[in-house]
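Some notes on the structure that comes next.
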Amino acid sequence: MYVCMCFAVCDREIRSCIARGARTVEEVGDATDAGTGCGSCHEHIDTLLTATLAPSALAELPVTA
Ligand code: FES
Numbered sequence: 005m006y007v008c009m010c011f012a013v014c015d016r017e018i019r020s021c022i023a024r025g026a027r028t029v030e031e032v033g034d035a036t037d038a039g040t041g042c043g044s045c046h047e048h049i050d051t052l053l054t055a056t057l058a059p060s061a062l063a064e065l066p067v068t069a
């Protein structure tokens, strides 16, 4: 599914970019050009960042009993 229509960047490319270390919309844009045009896809890129990183972010939380 295309996330960024301006640069024809799909969700798979963005997830791959996140897996390689991108942590912000700007870093995704630097790596893929997604979001560097009209900007209307920023919210979708941010959602992919949150959805992709959430499990690892939860794993880093301290465990309390
Ligand atoms: S749709 Fe992504 S920059 Fe325009």
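Numbering-wise, this note's numbering puts 20 at position 16 of the sequence shown, and it's gapless, one number per residue.
For every residue, glycine included, the Cβ atom is placed at its ideal position computed from N, Cα and C.
The beta carbon of T56 is closer than 7 Å to those of R19 and I22 in its chain, skipping five residues each way along the sequence. Distances between the C-beta of M9 and the heavy atoms of the ligand FES include at least one below 8 Å. One alpha carbon belongs to V13, the other to I49, and they sit about 10 Å apart. For C42, the distance from the CB to the nearest heavy atom of the ligand FES is below 8 Å.
Taken atom to atom, the span from the alpha-carbon of C42 to that of M9 is near 9 Å. By the criterion of a C-beta distance shorter than 8 Å, T28 is surrounded in its chain by L53, once the five residues flanking it on both sides are discounted.
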